[in-house]
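The structure appears below as structure tokens.
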Amino acid sequence: ITTFIALFMLDACLFNSNMRCGIIAHKLADAKKIFRDKIRYAYENLPQDLKASIKLVKDDAQELIFSNNSGIYVGTSMRSGTLQMLHISEYAWTCTHAPLKASEIKAGAMETIHDKGMIFIESTFEGPMGDFPDMCKEAELIRSMGRELGPLDYKIHFFNWMQKESNVTDPRFVDISPEMNVYFGKLEDIYSNVISPDQRAWYVAKKKILKHLMFKEHPSTLEEASIAAVEGSYYAHEIAQMREEGRICSVRHLPDYPVHTVCDLGIGGHMPWIFFQKVGLEVHIINCFSLADKSDIRGGAVFYREMLDNRKEKYHYHYAKYFAPFDIKKGEIGTGEAIYETFKKNGIEFEILEQEHYVLDGIERMTNLFPKLWIDAELCQDLIIAWSSYHREWIEKLQSYSLIPHPDKSSHYADAGRYLSKVIEDGLYEMGGMTKQKWKLLKAQYA
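Dropping the structure here:
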């Protein structure tokens with residue numbers, strides 16, 4: 002895709018005067034590589050008579066200007082001037098790992114495009130959160146409705162792995178399970194195409210190598226691409242394993258088991274809540290709630306009391322324990338009263354968890370909890386998206402990931418998940434009227 006767009010821009014500049022084209026990549030080194038290998042290489046290999054008629058008047062590592070006053074620029078952002086064409090490469094990566102730069106691209110570079118200009122936004126997905134997935138959802142909705150595109154609408158182009166003819170291998174050397182053949186059958190129904198044995202073998206062999214990265218690198222559908230792992234993700238492998246084992250599904254409330262909640266203290270009263278039941282060795286996450294995308298609402302004790310009551314009435318929950326982190330003891334701005342006390346006055350008495358000093362310890366504990374988790378796919382979509390998007394901080398100067406989490410809205414549900422893992426590890430929950438701690442005491446007493 003990148004090669005085609007680069008050559009399309011070069012062609013437009015060579016045969017049209019006063020054209021301005023820009024290419025933005027997620028990293029400067031990648032931008033320069035596109036410029037060197039796609040644009041300059043193509044120009045240098047043009048026939049001599051064509052180069053003689055359209056000469057270079059400026060040539061450096063990031064810019065070519067031709068004698069007809071057309072030019073191509075590359076960089077990581079672009080604000081000044083008016084462009085007729087703009088190509089943004091790996092935009093999803095920028096949105097996820099460099100959100101300030103993504104905002105600059107959207108508010109700056111995209112606004113430089115001429116009224117009759119073109120914008121090409123090309124990327125693999127970096128999880129389900131961010132501007133790029135939102136653009137794709139909107140474009141796909143327009144396509145599915147059959148509505149005519151307006152001048153400011155995006156047209157979506159999705160390329161699945163089956164469209165590449167070289168994605169084949171000898172099936173004699175690959176074992177294809179019945180489950181994978183069912184999967185391929187569903188794809189044949191979706192696309193009304195036959196997937197050959199050679200294609201099936203290639204996909205299975207690649208999946209064995211790439212594992213949870215398969216949806217990102219070789220998606221079969223747009224839906225698969227949208228749930229692809231984020232680069233630097235903490236839980237990508239674990240969530241992919243849950244999907245493969247069918248543990249992200251319909252997980253219904255079991256009336257004979259109590260419902261517990263665990264929450265995190267977010268900014269501005271935005272407390273993400275996780276509703277769970279301990280069923281044997283399994284942990285069933287049956288619901289969740291967050292105000293993260295509702296900036297017009299400020300949550301408080303009364304608001305959350307009503308939220309809990311509404312879910313109790315709708316789903317017939319029997320609440321047992323409410324868990325909250327150590328900092329719920331801190332005073333509220335304005336009143337000075339501890340948040341814990343404010344909630345207690347409104348009928349929510351929290352079990353306060355011990356303070357945890359190292360986030361990475363909690364992340365490791367959460368990773369170990371994943372094999373026990375079952376999550377309701379319908380009621381917990383926001384939670385699944387947040388956990389899928391939770392990733393390490395990108396350090397631009399070092400061109401590498403740090404160990405600490407990137408602070409975005411996925412962090413709140415991720416923190417609540419760490420507290421959940423603490424509750425499970427310490428046995429603070431109830432299963433049928435008795436906590437794990439009480440059971441251990443009784444067992445020790447009569448052993």
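So in our numbering, spot 445 of the sequence shown is number 446, and the numbers just go up one at a time.
Ideal placement from N, C-alpha and C gives every residue a C-beta, glycine not left out.
Here the structure is a predicted model, which means the values were calculated and not measured.
State the start and end residues of the unbroken alpha helix (DSSP H) segment that holds Gly118.
Here residue 118 refers to the residue found at position 117 when the sequence shown is read from its first residue. No alpha helix (DSSP H) holds Gly118; the beta strand (DSSP E) holding it covers 114-123.
Three-way DSSP call (helix, strand, coil) for Ile376 in this model:
Here residue 376 corresponds to residue number 375 of the sequence shown, with the count starting at 1. Ile376 falls in the strand class under three-state DSSP.
Alpha-carbon to alpha-carbon, Lys59 and Gly186:
Working through the sequence shown from its first residue, we reach residue 186 at position 185. Working through the sequence shown from its first residue, we reach residue 59 at position 58. Taking the straight line from one Cα to the other gives about 55 Å.
Among Gln85, Glu283, Ala302, His285, which residue has its Cα nearest to the Cα of Phe351?
In the sequence shown, counting from the first residue as 1, residue 351 sits at position 350. When only C-alpha atoms are compared, the closest one is Ala302.
Within 10 angstroms of its Cβ, does Glu127 collect 16 or more other Cβ (buried), or is it exposed?
By one-based count along the sequence shown, residue 127 stands at place 126. Taking every protein chain shown into account, the CB of Glu127 has 16 or more other CB atoms within 10 angstroms, so this residue is buried.
CB contact flag (Arg41, Gly82, <8 Å)
Numbered from 1 along the sequence shown, position 40 holds the residue referred to as residue 41. Numbered from 1 along the sequence shown, position 81 holds the residue referred to as residue 82. With contacts defined as CB atoms closer than 8 Å, Arg41 and Gly82 fail to qualify as a contacting pair.
If contact is defined by three or more beta carbon pairs under 8 Å, each pair taking one atom from either stretch, is the stretch 357-368 in contact with the stretch 409-428?
At 8 Å Cβ cutoff, the stretches touch.
Decide if Ile6 is buried, meaning its Cβ has at least 16 other Cβ atoms within 10 Å, or exposed.
In the sequence shown, counting from the first residue as 1, residue 6 sits at position 5. Classification for Ile6: buried.
Under 8 Å between C-beta atoms of Thr95 and Ala103
Residue mapping note: residue 95 aligns to position 94 of the sequence shown, counting from 1. Residue mapping note: residue 103 aligns to position 102 of the sequence shown, counting from 1. Yes; because the gap between Cβ atoms is below 8 Å, this pair is in contact.
Which runs of the beta strand (DSSP E) at least 3 residues long sit entirely within the stretch 247-280? Give them in chain order.
Here the runs fully enclosed are 260-264, 274-280.
Could you check if Pro406 is buried or exposed, using at least 16 other CB atoms within 10 Å of its CB as the buried criterion?
Counted from its first residue, the sequence shown places residue 406 at position 405. Classification for Pro406: buried.
What's the call for Thr4, buried or exposed, on a 16-neighbour Cβ count within 10 Å?
The residue labelled residue 4 in the question sits at position 3 within the sequence shown. The residue is exposed, with fewer than 16 neighbouring Cβ atoms inside 10 Å.
Following the continuous alpha helix (DSSP H) through Lys138, name the residue where it begins and the one where it ends.
Here residue 138 corresponds to residue number 137 of the sequence shown, with the count starting at 1. 132-146 is the extent of the alpha helix (DSSP H) around Lys138.
DSSP three-state label for Gln164, please.
Counted from its first residue, the sequence shown places residue 164 at position 163. In the three-state DSSP reduction, Gln164 falls in the helix class (H, G or I).
Distance between Leu142 and Tyr305 (C-alpha atoms, nearest Å):
Translated into positions along the sequence shown, residue 305 becomes position 304. Translated into positions along the sequence shown, residue 142 becomes position 141. Roughly 34 Å separates the two Cα atoms.
Closest residue to Tyr359 among Leu404, Lys208, Asp31 (Cα-Cα distance):
Reading the sequence shown from its first residue, position 358 is the one you call residue 359. Per the C-alpha coordinates, the member of Leu404, Lys208, Asp31 positioned closest to Tyr359 is Leu404.
With a 10 Å radius around its C-beta and 16 neighbouring C-beta atoms as the bar for buried, classify Asn70 as buried or exposed.
As a first step, residue 70 must be located in the sequence shown, where it is residue number 69. It is exposed - the Cβ of Asn70 has fewer than 16 other Cβ atoms within 10 Å.
Need the endpoints of the alpha helix (DSSP H) that Pro100 sits in, please.
The residue you call residue 100 lines up with position 99 of the sequence shown. Boundaries of the alpha helix (DSSP H) around Pro100: 100-105.
Please name the residue in Phe216, Arg312, Ala99, Ile89 whose C-alpha comes closest to that of Met111.
Here residue 111 corresponds to residue number 110 of the sequence shown, with the count starting at 1. Answer by Cα proximity: Ile89.
DSSP bridge partner residues for Cys289 (one or two, in chain order)
Along the sequence shown, one-based indexing puts residue 289 at 288. Ile275, per the DSSP bridge assignment.
Going by DSSP, name the residue or residues bridged to Trp395.
The sequence position of residue 395 within the sequence shown is 394, counting from 1. Bridge pairing for Trp395: Tyr402 [DSSP].
Could you give the first and the last residue of the continuous beta strand (DSSP E) run that contains Val75?
Counted from its first residue, the sequence shown places residue 75 at position 74. Its beta strand (DSSP E) spans residues 72-76.
Residues in its own chain within less than 8 Å of Ile386 by CB, not counting five upstream and five downstream?
As a working mapping, residue 386 is identified with position 385 in the sequence shown. Apart from the 5 residues on each side of it in sequence, Ile386 sits with its Cβ closer than 8 Å to the Cβ of Gly128, Pro129, Met130, Ser411 in its chain, given in chain order.
So, do the stretch 248-261 and the stretch 280-291 have three or more beta carbon pairs nearer to each other than 8 Å?
Yes, they touch.
Can Leu384 and Ile275 be called in contact, C-beta distance under 8 Å?
Taking the sequence shown and counting its residues from 1, the one referred to as residue 384 is at position 383. Taking the sequence shown and counting its residues from 1, the one referred to as residue 275 is at position 274. Annotated as proximal: Leu384 and Ile275, with beta-carbon spacing under 8 Å.
Could you tell me the alpha carbon to alpha carbon distance between Arg201 and His213, rounded to whole angstroms?
In the sequence shown, the residue the question calls residue 201 occupies position 200. In the sequence shown, the residue the question calls residue 213 occupies position 212. A straight line joining the alpha-carbon of Arg201 with that of His213 spans about 18 Å.
Residues sharing a beta bridge with Arg306, DSSP:
What you label residue 306 is simply residue 305 of the sequence shown in a count that begins at 1. In DSSP, Arg306 forms no bridge with anything.
My assumption, with CB atoms under 8 Å, is that His219 sits in contact with Pro259. Please give the rounded CB distance.
Translated into the one-based positions of the sequence shown, residue 219 becomes position 218. Translated into the one-based positions of the sequence shown, residue 259 becomes position 258. The pair is not a contact, with the Cβ atoms about 43 Å apart (cut-off 8 Å).
Which one of Val205, Ser54, Gly281 has the shortest CA to CA distance from Tyr184?
Sequence index remark: in the sequence shown, residue 184 carries index 183 (1-based). Of Val205, Ser54, Gly281, the residue nearest in Cα terms is Val205.
Buried or exposed: which applies to Leu374, given that a residue is buried once 16 or more other Cβ atoms fall within 10 Å of its Cβ?
On the sequence shown, residue 374 is found 373 positions in, with the first residue counted as 1. Burial call: buried.
Work out the CA separation of Arg173 and Asp190 for me, nearest whole Å.
The residue you call residue 190 lines up with position 189 of the sequence shown. The residue you call residue 173 lines up with position 172 of the sequence shown. Each residue's alpha carbon lies about 25 Å from the other.
Assuming contact is defined by CB atoms lying nearer than 8 Å, are Ile25 and Ser68 in contact in what I supplied?
By 1-based counting over the sequence shown, the position of residue 25 is 24. By 1-based counting over the sequence shown, the position of residue 68 is 67. At the C-beta level, Ile25 and Ser68 stay beyond 8 Å of one another.
In whole angstroms, what is the alpha-carbon distance linking Met10 and Arg37?
In the sequence shown, residue 10 corresponds to position 9, counting from 1. In the sequence shown, residue 37 corresponds to position 36, counting from 1. Cα-Cα distance, rounded: 14 Å.
Start-to-end residues for the alpha helix (DSSP H) that takes in Leu370:
The residue given as residue 370 occupies position 369 in the sequence shown. Annotation: the continuous alpha helix (DSSP H) that includes Leu370 extends over 360-370.
Using a 10 Å radius around the Cβ and a threshold of 16 neighbouring Cβ atoms, would you call Pro179 buried or exposed?
Counting from one through the sequence shown, the residue named residue 179 turns up at place 178. Its Cβ having fewer than 16 others within 10 Å, Pro179 is exposed.
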